[in-house]
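Engineer:
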Amino acid sequence: MNNFRLPLLAMVFSLLSGCSIIARPPSAAAFMGSFRDNFSTNTLTLAHYSGDLVHETKENDRESSRHKFDVLEADEWPADISFFHFFNWSYFSLGFGLQSLTLMLQPGFVSEHFGVMSWGSLGLMGGISTIEQMHWGDDWRLGFTQHVSVNGREFYLKDSYCGDGGIFVPPGACSGDPEPVRYTEFGAGAYISYGRFSFEFRYGRDISESRNRYTFSIDWSFYEKGSSSDYSLPPSVY
Numbered sequence: 010m011n012n013f014r015l016p017l018l019a020m021v022f023s024l025l026s027g028c029s030i031i032a033r034p035p036s037a038a039a040f041m042g043s044f045r046d047n048f049s050t051n052t053l054t055l056a057h058y059s060g061d062l063v064h065e066t067k068e069n070d071r072e073s074s075r076h077k078f079d080v081l082e083a084d085e086w087p088a089d090i091s092f093f094h095f096f097n098w099s100y101f102s103l104g105f106g107l108q109s110l111t112l113m114l115q116p117g118f119v120s121e122h123f124g125v126m127s128w129g130s131l132g133l134m135g136g137i138s139t140i141e142q143m144h145w146g147d148d149w150r151l152g153f154t155q156h157v158s159v160n161g162r163e164f165y166l167k168d169s170y171c172g173d174g175g176i177f178v179p180p181g182a183c184s185g186d187p188e189p190v191r192y193t194e195f196g197a198g199a200y201i202s203y204g205r206f207s208f209e210f211r212y213g214r215d216i217s218e219s220r221n222r223y224t225f226s227i228d229w230s231f232y233e234k235g236s237s238s239d240y241s242l243p244p245s246v247y
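For what it's worth, the numbering used here labels the leading residue of the sequence shown as 10, then goes sequentially.
Shown next, in the form of structure tokens:
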């Protein structure tokens, strides 16, 4: 039955996510926490975003829009929830999961003190991050990150006259499908981890639209033992 678990999970994730364009860099702390030889790691991340988020409604040129709608509306998500499942083989980790409604793959090099994390999605967003990590005993970890990425957000085109005159209009009939906006970001951050929990901060500079964004996230990791029956974890993860 275990042989069918991964294909089944991948199919479910694909059906749930479709080709969602919304994507930001995933957690570096969660990736570094996957360094458990022959173990698989599950990570749940709650993230809050602030700074120059896009919240705008403006007129749209009907002649240039294939939908012929007259209003452009964009509201960038201020938060998301992610779930990733990592597999680790020595110094290589491979993660896959959902960042809100976006399916992502997250492969990279991982070690006790240094990591190179990459990620990508079906909507052609992705990036790469370098990570430096220090330890205090078995429980505490402090990390620093640098990243470059292509992130994604969405906007909608709407008809401001739709529904005038008291006529019932079905939900969604006054707007088109979400449209993608990709932007390039450079940034850096830091995290601190204790046992299974991590707190991470990240700054990102959107060079496409000259915006500053800030991310605060909390991670919780839990482990599943792999093929190595004699491998033991530090006391902090029990």
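We put the beta carbon where it would ideally sit given N, CA and C, even for glycine.
On a Cα-Cα basis, can you pick out the residue from F225, M143, A38, D148 that is closest to M126?
Structural biologist: Taking only the C-alpha atoms, the option nearest M126 is A38.
Engineer: Could you give the first and the last residue of the continuous alpha helix (DSSP H) run that contains A37?
Structural biologist: Its alpha helix (DSSP H) spans residues 37 to 41.
Engineer: Does DSSP put N47 in a helix, in a strand, or in coil?
Structural biologist: DSSP places N47 in coil when its eight states are reduced to three.
Engineer: How many angstroms separate the CA atom of V63 from the CA atom of N47?
Structural biologist: When rounded, the distance between both Cα atoms is 42 Å.
Engineer: DSSP three-state label for V159, please.
Structural biologist: V159: strand per DSSP, three-state reduction.
Engineer: Out of A56, Y203, L107, G136, which has the shortest C-alpha to C-alpha gap to G146?
Structural biologist: The shortest C-alpha separation from G146 is found at Y203.
Engineer: Going by other Cβ atoms of all chains shown within 10 Å of its Cβ, with 16 needed for buried, is M143 buried or exposed?
Structural biologist: Its Cβ having fewer than 16 others within 10 Å, M143 is exposed.
Engineer: Give the DSSP-derived three-state secondary structure of Y100 in the structure shown.
Structural biologist: In the structure shown, Y100 sits in coil (DSSP, three-state: anything other than H, G, I, E or B).
Engineer: Go ahead and pull the three-state DSSP assignment for I140.
Structural biologist: Here I140 sits in strand by DSSP.
Engineer: In whole angstroms, what is the alpha-carbon distance linking K167 and F153?
Structural biologist: The straight-line gap from Cα to Cα measures roughly 42 Å.
Engineer: Would you call W128 buried or exposed, if buried means 16 or more other Cβ atoms sit within 10 Å of its Cβ?
Structural biologist: That one is buried.
Engineer: Given that a residue counts as buried once 16 or more other Cβ atoms are within 10 Å of its Cβ, and exposed if not, what is S219?
Structural biologist: The residue is exposed, with fewer than 16 neighbouring Cβ atoms inside 10 Å.
Engineer: Check each candidate in F225, G136, R222, E65 and name the one with the smallest Cα separation from Y165.
Structural biologist: The option with the nearest alpha carbon to Y165 is E65.
Engineer: Under 8 Å between the Cβ atoms of S158 and G136?
Structural biologist: Yes, these two residues count as a Cβ contact at 8 Å.
Engineer: Could you spell out where the beta strand (DSSP E) holding S202 opens and where it closes?
Structural biologist: Residues 188 to 203.
Engineer: Thinking just about the alpha-carbon of each residue, which of F92, T111, H94, S138 is nearest to the one in W86?
Structural biologist: Closest by alpha carbon: T111.
Engineer: If you follow the beta strand (DSSP E) that E218 is in, where does it begin and where does it stop?
Structural biologist: Careful: E218 lies outside any beta strand (DSSP E) and carries neither H nor E.
Engineer: In this structure, how does DSSP classify V122 when only helix, strand and coil are distinguished?
Structural biologist: Before going further, note that residue 122 is His rather than Val in the sequence given. In the structure shown, H122 sits in coil (DSSP, three-state: anything other than H, G, I, E or B).
Engineer: Taking 7 Å as the cut-off, does the CB of I201 come closer than this to any heavy atom belonging to the ligand PLP?
Structural biologist: Inclusion of the ligand PLP in the displayed structure is not the case, the ligand content being empty and no account of it being possible.
Engineer: Could you compute how far the alpha carbon of S59 sits from the alpha carbon of Q115?
Structural biologist: Distance between the alpha carbons of S59 and Q115: 24 Å.
Engineer: Using alpha carbons as the reference points, say which of Y100, G106, D228, F105 lies closest to H122.
Structural biologist: When each option's Cα is compared against that of H122, the closest is Y100.
Engineer: Whose C-beta lies closer than 8 Å to the C-beta of F92 among residues of the same chain, with five residues either side of it excluded?
Structural biologist: Contacts found: N51, T52, L53, T54, G106, L107.
Engineer: Since R222 and D228 should fall inside the 8 Å C-beta cutoff, what is the C-beta to C-beta distance between them, to a whole number of angstroms?
Structural biologist: Rounded, the Cβ-Cβ distance is 19 Å, inconsistent with contact.
Engineer: Is it the case that the Cβ atoms of S102 and S43 are separated by a distance below 8 Å?
Structural biologist: Cβ distance < 8 Å, so S102 and S43 count as in contact.
Engineer: Return the CA-CA distance between H57 and A88, expressed in angstroms with no decimal places.
Structural biologist: In a straight line, the C-alpha of H57 is about 4 Å away from that of A88.
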